[in-house]
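Chemist: What follows is a single structure, and I will ask about it in a moment.
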Amino acid sequence: MKNNKIWITTCLAAFSLGFVQKSEPTLKEAFQNSFYVGAALNKAQFSGKDTKAQELVKKQFNTISPENVLKWGPVHPKPEEYNFKPADDYVAFGQQNKMFIVGHTLVWHQQTPDWVFEDEAGKPVSREVLLKRMENHISTVVGRYKGKIQGWDVVNEAIADQGGQMRPTKWLSIIGEDFAQKAFEYAHKADPQAELYYNDYSLYRPDKREGVIRLVKSLQAKGIKVKAIGMQGHYGLTVPTMEQVEASIVAFSKLGVEVNFTELDIDVLPNPSQRQGADIAETFDADQKFNVYSSGLPDSVQQKLTKRYADLFTLFRKHQDKIGRITFWGVTDANSWLNNWPIKGRTSYPLLFDRQYQPKPAYQAILNMAAQKK
């Protein structure tokens with residue numbers, strides 16, 4: 001009995017001194033009054049095969065995006081064939097956990113099968129045929145998830161990397177510049193309540209930013225409601241600057257739209273080119289000088305990554321009235337696309353959780369920042 005009294009007295013004293021504390025908030029709790037915080041999921045994560053990642057997602061995030069299962073190729077590989085099972089599982093996971101579910105992506109120049117643009121002889125189809133194929137695809141896919149998927153990346157990466165003009169794609173050459181307008185119209189018709197987004201990378205660059213502004217203004221002039229512009233946050237440790245990112249947040253918000261950071265990760269590895277984007281067609285042969293941290297991330301680089309994330313989230317919170325969501329492109333370092341792009345087989349460290357599903361110092365830095373009074 002005496003030992004029990006001593007134990008109770010010690011616990012009460014510890015509590016009164018503040019030694020017994022509540023558990024720290026998760027990411028979604030820390031920013032619940034600011035914006036959604038989410039991650040892009042692969043099939044193993046939402047199907048339950050990767051149970052550790054699934055638990056991490058349920059604990060930390062309140063919005064999800066699909067890495068691949070709703071892109072045209074995976075979901076609609078042949079003219080009369082749809083593969084909805086993976087997408088159904090993805091949506092079911094989001095519904096079961098009461099998450100804001102995003103659909104990615106309806107019209108893109110990558111991961112779209114050749115048959116979409118060609119006739120039986122392999123020749124380019126007419127504008128009318130391609131528009132009908134686009135409408136049928138969007139009507140079928142968006143219609144299937146009407147009321148379940150709350151927001152869609154309707155058009156992805158339609159602005160060229162240089163000069164801010166429309167990217168030269170088959171969509172543009174066959175249909176013309178109004179292909180984006182048609183995609184938004186078809187998506188709205190299929191689900192009038194869904195939020196519709198334009199999504200692109202390197203939007204901190206002035207020329208590309210201006211190209212997107214022109215595109216969105218042209219859509220708005222035709223009465224099309226663009227809910228948000230998605231800024232893919234595929235950043236490095238020093239590029240872009242916070243001032244560049246902030247300039248685009250402010251410029252886009254002046255259009256009367258929200259800003260979403262849709263694909264956030266930070267590449268800490270050496271850059272094999274002068275690329276400042278995320279063009280998946282740009283790849284390089286394996287070279288060990290671009291895979292310098294294969295045995296672990298040095299503490300000095302870990303500190304830079306931590307500061308980079310803290311600075312970004314400080315900026316995000318500063319403009320929380322303009323931002324709808326922040327979505328990381330992946331859950332842990334182990335399944336980041338940057339392990340295989342732009343060079344296959346690299347050991348990359350771009351996210352908040354390591355290969356053992358454990359939070360990195362950057363995670364704690366973000367929570368510490370969130371806990372501070374503005």
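Each residue of the sequence shown is one higher than the last, beginning at 1 in UniProt numbering.
We treat Cβ as the ideally placed atom computed from N, Cα and C, and that holds for glycine.
These numbers were taken from a predicted model, which means no experiment stands behind them.
May I ask you to report which of helix, strand or coil DSSP gives residue 204?
Modeler: Coil.
Chemist: Measure the alpha-carbon distance for residue 300 versus residue 291 and round it to whole angstroms.
Modeler: Between residue 300 and residue 291, the C-alpha separation is close to 16 Å.
Chemist: Do you know offhand how far residue 217's Cα is from residue 68's?
Modeler: Distance between the alpha carbons of residue 217 and residue 68: 29 Å.
Chemist: May I ask you to verify whether the stretch 66-86 touches the stretch 127-143, counting CB pairs closer than 8 Å and requiring at least 3?
Modeler: A contact exists between the stretch 66-86 and the stretch 127-143.
Chemist: Give the DSSP-derived three-state secondary structure of residue 72 in the structure shown.
Modeler: Correct three-state label for residue 72: helix.
Chemist: May I have a chain-ordered list of the beta strand (DSSP E) segments no shorter than 3 residues that lie completely inside the stretch 70-109?
Modeler: Those beta strand (DSSP E) runs which fall completely within the stretch 70-109 and span 3+ residues are 100-107.
Chemist: From residue 42 to residue 311, what distance separates their C-alpha atoms?
Modeler: If you take the alpha carbons of residue 42 and residue 311, they lie about 28 Å apart.
Chemist: Starting from residue 363, trace the alpha helix (DSSP H) both ways and give me its first and last residue.
Modeler: Counting along the chain, the alpha helix (DSSP H) containing residue 363 begins and ends at 361-371.
Chemist: Quick check on DSSP: helix, strand or coil for residue 129?
Modeler: Of the three classes helix, strand and coil, the one that applies to residue 129 here is helix, per DSSP.
Chemist: Is the stretch 33-49 in contact with the stretch 340-349, if contact means three or more CB pairs nearer than 8 Å?
Modeler: With the cut-off at 8 Å, the stretch 33-49 and the stretch 340-349 do not touch.
Chemist: Measuring CB to CB, does residue 119 end up less than 7 Å from residue 157?
Modeler: It is not a contact, given that the beta carbons lie outside the stated cut-off.
Chemist: Can a CB atom of chain D be found closer than 7 Å to the CB of residue 179?
Modeler: Annotation note: the requested chain D is absent from the structure, which comprises a single protein chain.
Chemist: Using a Cβ-Cβ cut-off of 8 Å (strictly less than) and excluding sequence neighbours within five positions of residue 348, which residues of its own chain qualify?
Modeler: Contacts found: 267, 268, 269, 333, 336, 338, 339.
Chemist: In angstroms with no decimal places, state the Cα-to-Cα distance between residue 225 and residue 196.
Modeler: When rounded, the distance between both Cα atoms is 7 Å.
Chemist: Roughly how many angstroms separate the alpha carbons of residue 303 and residue 206, rounded to a whole number?
Modeler: Cα to Cα, the separation comes out at about 29 Å.
Chemist: Taking C-alpha atoms, which residue in 264, 260, 220, 214 lies nearest to residue 237?
Modeler: Per the Cα distances, 264.
Chemist: Could you tell me the distance, in whole angstroms, from the CA atom of residue 275 to the CA atom of residue 244?
Modeler: Bear in mind that a pLDDT of 49 at residue 275, under 50, signals an unreliable position, so the number given afterwards is only what the model happens to contain. Their backbone Cα atoms lie some 16 Å apart in a straight line.
Chemist: Give, in chain order, every unbroken run of the alpha helix (DSSP H) that is at least 4 residues long and sits entirely within the stretch 176-222.
Modeler: With a minimum length of 4 residues, the continuous alpha helix (DSSP H) runs that stay inside the stretch 176-222 are 179-190, 206-221.
Chemist: Just how far apart, CA to CA, sit residue 113 and residue 72?
Modeler: When rounded, the distance between both Cα atoms is 7 Å.
Chemist: Could you tell me the distance, in whole angstroms, from the CA atom of residue 116 to the CA atom of residue 152?
Modeler: Cα to Cα, residue 116 sits roughly 20 Å from residue 152.
Chemist: If you drop the 5 nearest sequence neighbours on each side, which residues of the same chain put their C-beta closer than 6 Å to that of residue 363?
Modeler: Contacts found: 352.
Chemist: For residue 165, which option in 177, 154, 137 has the closest C-alpha, if you only look at C-alpha atoms?
Modeler: When only C-alpha atoms are compared, the closest one is 177.
Chemist: Are the beta-carbon atoms of residue 174 and residue 215 separated by less than 7 Å?
Modeler: No, they are not a contact pair.
Chemist: Please state if the CB of residue 259 and the CB of residue 323 are separated by a distance shorter than 7 Å.
Modeler: Contact flag set, yes.
Chemist: For residue 172, tell me which candidate among 125, 145, 187, 55 has the shortest Cα-Cα distance.
Modeler: Of the candidates 125, 145, 187, 55, the one whose C-alpha sits nearest the C-alpha of residue 172 is 125.
Chemist: Check the C-beta distance from residue 422 over to residue 154 and give it rounded, since I have them as a contact under 8 Å.
Modeler: Within the shown structure, residues of the chain are numbered from 1 to 374, placing residue 422 beyond reach of any answer.
Chemist: Is the separation between the beta-carbon of residue 109 and that of residue 169 shorter than 7 Å?
Modeler: Contact flag set, yes.
Chemist: Check whether the stretch 365-374 touches the stretch 48-68, counting contact only when three or more Cβ pairs, one atom from each stretch, lie closer than 8 Å.
Modeler: Result no; under three Cβ-Cβ pairs closer than 8 Å.
Chemist: Taking the alpha carbon of residue 37 as the reference point, which residue from 51, 133, 70, 100 has its own alpha carbon closest?
Modeler: Taking only the C-alpha atoms, the option nearest residue 37 is 100.
Chemist: How many Å lie between residue 21 and residue 371 at the Cα?
Modeler: Residue placement at residue 21 is flagged as unreliable, the pLDDT there being 45, under the threshold of 50; the coordinate-derived value follows with that caveat. Going from the Cα of residue 21 to the Cα of residue 371 covers about 14 Å.
Chemist: Relative to the C-alpha of residue 30, which candidate in 345, 317, 361 has its C-alpha closest?
Modeler: Ranking the options by Cα distance to residue 30, first place goes to 317.
Chemist: For residue 354, does the three-state DSSP call read helix, strand or coil?
Modeler: In the structure shown, residue 354 sits in coil (DSSP, three-state: anything other than H, G, I, E or B).
Chemist: How long is the line joining the alpha carbons of residue 232 and residue 202, rounded to whole angstroms?
Modeler: For residue 232 and residue 202, the distance between alpha carbons rounds to 7 Å.
Chemist: In or out: residue 187 buried (at least 16 other Cβ within 10 Å) or exposed?
Modeler: By the neighbour-count rule (16 or more Cβ atoms within 10 Å), residue 187 is buried.
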